[in-house]
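S.K.: I have a structure here, written as structure tokens, and I will follow up with some questions on it.
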Amino acid sequence: MSGPLKTLFDAVFVENLALSFFLGMCTLLAISRRVSTAIGMGVAVVVVQTITVPVDYLLHRYLLSAGALGWAGLPDVDLSYLSLVSFIGVIAAIVQVLEMALDRFAPPLHASLGIFLPLVTVNCAILGGSLFMVERKGDFVDSVAYGLGGGLGWALAIAAVAGVRERLRYGDAPRGLRGLGIAFIVLGLTAIGFLAIAGLRVG
Amino acid sequence: MPPPQASVLLDPIVRHNPIAVQILGVCSSLAVTTQVSTALVMGLALTVTLCLSNVSISLIRRHLPRSIRLIVEITIIASLVIVIDQALQAYAYDMSKRLSVFVGLIVTNCIVLGRAEAFASRSAPWPSLLDGLGNGIGYGLVLAIVAVVREVLGNGTLLGATVLRRAADGGWYVPVDFLHKPASGFFLLALLVWGLRTRRKDPPEDPAS
């Protein structure tokens, strides 16, 4: 396996944004009580991630990185310190458009995701995906594959954790540990499970 | 009963600690807790960001149209974080190298936007500053506790100074390698939450899980 397919596989299983880099935890903990909402959230992240990572790639490649403004006659300009604020701006804009579209075309999903859809903006997995994309120094196709893979990996993690938490409803956890505490423990165990997958090297 | 302003400052430190009680800002908290020094700097950076962003958003809260508030708030926060990141690179280069992307990820830390949305966008500047300070300290406190456990038991050191002499250096202590793994941060946080919620008289019931 090589090229975009390997990038995709690695992003889903080996370098899982949620379970290897611990990004997007707030949303993951808040939305993972029911599998159906978790999958809705996961889909939202996949969509946003697949759009934002390539857009941020183009932005970084042709406007912000050192020497990128050569085409405009400004080869010595390095705007990379602006990448953080530009990436966030792109993400926030796309999320707000997505929110309006959901409100218009899928009101039940909009209602169930509630306040957490705006919080996709502050989902570290989304910004982290773009920042890691810059560090990868790949090409455009690679950034598309990485965005899709990163989103899918995150969706997989939240669905898995939600599956366990749904069953935990019948468990008899100590009083103070219920809810958040036991969710941390589930996450820790899932992360240990993914350590095993991170040891896999394909191709 | 403390006066209201004091409770704005003190509540988030223990009673409504942002990490332990509200589920906010966990992401970056785990990645920087292998050493106490990085955890403290991270807590400080977050506290400064939180105070400044709370005050500035509170100042413009009456002029901010609801439909574009998210973008405006995020832009303010991101600009503050860029300033802090550049300052760290200028005055504490080693530390900024060790914190790497995690200072940048303060932008996406849910505490900052969460407090801006929930508190600063509907309060006066002074309480907003106190709220930012309290939440920042509460966050830093949790980071510091987790980091102390991970550094002392995982490395035998505290802030770089040897506390428990490692067996490899002729001492008696065998470090727990598992504490270097990010997963251990989750278990420590779980224990912390358990402790905090058991101590409180009214633990929030959570029927869904």
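Chains as they are written, first to last, in this note's numbering: chain A, 1 to 203; chain B, 1001 to 1209.
Note that beta-carbon positions come from the ideal geometry of N, C-alpha and C, so glycine has one too.
1) For a contact meaning CB atoms closer than 9 angstroms, what does Ile94 of chain A contact in chain B?
2) For His1180 of chain B, count neighbouring C-beta atoms within 10 Å of its own C-beta (all shown protein chains included) and say buried if the count is 16 or more, exposed if not.
3) Hey, out of A:Leu152, A:Ala157 and A:Gln96, whose CA is closest to Leu8 of chain A's CA?
4) What are the boundary residues of the alpha helix (DSSP H) that Gly70 of chain A is part of?
5) Taking any Cβ of chain A, which residues in the segment 1185–1202 of chain B have a Cβ under 7 angstroms from it, in chain order?
6) Under 7 angstroms, CB to CB, which of the residues in the segment 1065–1079 of chain B have a partner in chain A?
7) Roughly how many angstroms lie between the CA atoms of Ala38 of chain A and Glu1117 of chain B, to the nearest whole one?
8) Taking 9 angstroms as the cut-off, decide whether the C-beta atoms of Gly1154 of chain B and Arg1165 of chain B are in contact.
9) Just curious, the alpha helix (DSSP H) that Ala1116 of chain B is in, first and last residue?
10) Any C-beta of chain A sitting closer than 9 angstroms to the C-beta of Ile1082 of chain B?
11) Taking 8 angstroms as the limit between beta carbons, can you name the residues of its chain near Ala1087 of chain B, skipping five residues before and five after?
12) Whose C-beta lies closer than 7 angstroms to the C-beta of Ala1039 of chain B among residues of the same chain, with five residues either side of it excluded?
13) Any beta-carbon of chain A closer than 9 angstroms to the one on Cys1110 of chain B?
14) Is it buried or exposed, Phe105 of chain A, if we count other Cβ atoms within 10 angstroms and call 16 or more buried?
15) Can you list, in chain order, the stretches of the alpha helix (DSSP H) that have 4 or more residues and sit fully within the segment 93–181 of chain A?
16) In chain order, what residues of the same chain have a beta carbon less than 6 angstroms from the beta carbon of Val134 of chain A, not counting five sequence neighbours either side?
17) Rounded to whole angstroms, what is the Cα-Cα separation between Gly1043 of chain B and Tyr1139 of chain B?
18) Along the segment 72–106 of chain A, where does the CB come closer than 7 angstroms to a CB of chain B? Name the residues.
19) Along chain A, in chain order, which residues have C-beta atoms closer than 7 angstroms to that of Gly1104 of chain B?
20) Are the C-beta of Asn16 of chain A and some C-beta of chain B separated by less than 9 angstroms?
21) Going by DSSP, what residue range makes up the alpha helix (DSSP H) through Thr37 of chain A?
22) Per the contact definition of three or more C-beta pairs closer than 8 angstroms, is the segment 164–180 of chain A in contact with the segment 85–104 of chain A?
23) How would you list, in chain order, the residues of chain B whose beta-carbon sits under 7 angstroms from the beta-carbon of Thr121 of chain A?
24) Could you tell me the distance, in whole angstroms, from the CA atom of Gly147 of chain A to the CA atom of Thr52 of chain A?
25) Check whether the Cβ of Ile39 of chain A lies closer than 9 angstroms to any Cβ atom in chain B.
26) Tell me the start and end of each unbroken alpha helix (DSSP H) in the segment 1058–1098 of chain B that is at least 4 residues and wholly inside, in chain order.
27) According to the Cβ coordinates, are Ala1190 of chain B and Gly181 of chain A closer than 9 angstroms?
28) Does any CB atom of chain A fall closer than 9 angstroms to the CB of Ala1210 of chain B?
M.R.: Judging by the given coordinates:
1) Numbered from 1 along the first sequence, position 94 holds the residue referred to as residue 94 of chain A. By Cβ distance, chain B contributes nothing, its closest Cβ being about 11 angstroms from Ile94 of chain A, past 9 angstroms.
2) As a first step, residue 1180 of chain B is located in the second sequence; it is residue number 180 there, counting from the start. Flag for His1180 of chain B reads exposed.
3) Position 8 of the first sequence, counting from 1, holds the residue named residue 8 of chain A. Among A:Leu152, A:Ala157 and A:Gln96, the Cα nearest to that of Leu8 of chain A belongs to A:Leu152.
4) Counting from one through the first sequence, the residue named residue 70 of chain A turns up at place 70. First-last for Gly70 of chain A: undefined, no H or E at that position.
5) From the segment 1185–1202 of chain B, only Phe1186, Phe1187, Leu1189, Ala1190, Val1193, Trp1194, Arg1197 and Thr1198 have a Cβ closer than 7 angstroms to chain A.
6) Leu1070, Ile1071, Ile1074, Thr1075, Ala1078 and Ser1079
7) Locating residue 38 of chain A in the first sequence gives position 38, where the first residue counts as 1. Locating residue 1117 of chain B in the second sequence gives position 117, where the first residue counts as 1. Taking the straight line from one Cα to the other gives about 23 angstroms.
8) Within the second sequence, residue 1154 of chain B is the residue found at index 154, counting from 1. Within the second sequence, residue 1165 of chain B is the residue found at index 165, counting from 1. Contact flag unset, no.
9) Counting from one through the second sequence, the residue named residue 1116 of chain B turns up at place 116. Where Ala1116 of chain B is concerned, the enclosing alpha helix (DSSP H) stretches over Cys1110 to Ala1118.
10) Looking up residue 1082 of chain B in the second sequence gives position 82. For Ile1082 of chain B, the answer is yes, since a Cβ of chain A falls inside 9 angstroms of its Cβ.
11) Position 87 of the second sequence, counted from the first residue, corresponds to residue 1087 of chain B. Counting only Cβ-Cβ distances below 8 angstroms, and skipping sequence neighbours, we find nothing.
12) The residue given as residue 1039 of chain B occupies position 39 in the second sequence. A distance below 7 angstroms between beta-carbons, with the five flanking residues on each side excluded, links Ala1039 of chain B to the following residues of its chain, in chain order: Val1032, Thr1033, Leu1143, Ala1144 and Ala1147.
13) As a working mapping, residue 1110 of chain B is identified with position 110 in the second sequence. So, interface residue.
14) In the first sequence, counting from the first residue as 1, residue 105 of chain A sits at position 105. With fewer than 16 neighbouring CB atoms inside 10 Å of its own CB, Phe105 of chain A falls in the exposed class.
15) 107–113, 124–136 and 140–168
16) To locate residue 134 of chain A, count along the first sequence from 1; it is residue 134. Only His60 meet the Cβ criterion.
17) Position 43 of the second sequence, counted from the start, is the residue given in the question as residue 1043 of chain B. Position 139 of the second sequence, counted from the start, is the residue given in the question as residue 1139 of chain B. Computed Cα separation, rounded: 7 angstroms.
18) Tyr81, Leu84, Val85, Ile88, Gly89, Ala92, Ala93 and Gln96
19) For the purposes of this step, residue 1104 of chain B is identified with residue 104 of the second sequence, where counting begins at 1. In chain order: Leu84 and Leu131.
20) As a first step, residue 16 of chain A must be located in the first sequence, where it is residue number 16. It does not: the Cβ of Asn16 of chain A has no partner Cβ on chain B nearer than 9 angstroms.
21) Position 37 of the first sequence, counting from 1, holds the residue named residue 37 of chain A. Val35 to Leu59 is the extent of the alpha helix (DSSP H) around Thr37 of chain A.
22) no
23) Here residue 121 of chain A is taken as the residue at index 121 of the first sequence, counted from 1. Per Cβ cutoff of 7 angstroms: Leu1070 and Ile1074.
24) Residue numbering aside, residue 147 of chain A sits at position 147 when the first sequence is read from its first letter. Residue numbering aside, residue 52 of chain A sits at position 52 when the first sequence is read from its first letter. The straight-line gap from Cα to Cα measures roughly 8 angstroms.
25) The count along the first sequence starts at 1 and reaches residue 39 of chain A at position 39. Chain B contact via Cβ: absent.
26) 1069–1091
27) Working through the second sequence from its first residue, we reach residue 1190 of chain B at position 190. Working through the first sequence from its first residue, we reach residue 181 of chain A at position 181. In contact: Ala1190 of chain B and Gly181 of chain A (Cβ atoms closer than 9 angstroms).
28) This structure cannot speak to residue 1210 of chain B, because chain B is shown only from 1001 to 1209.
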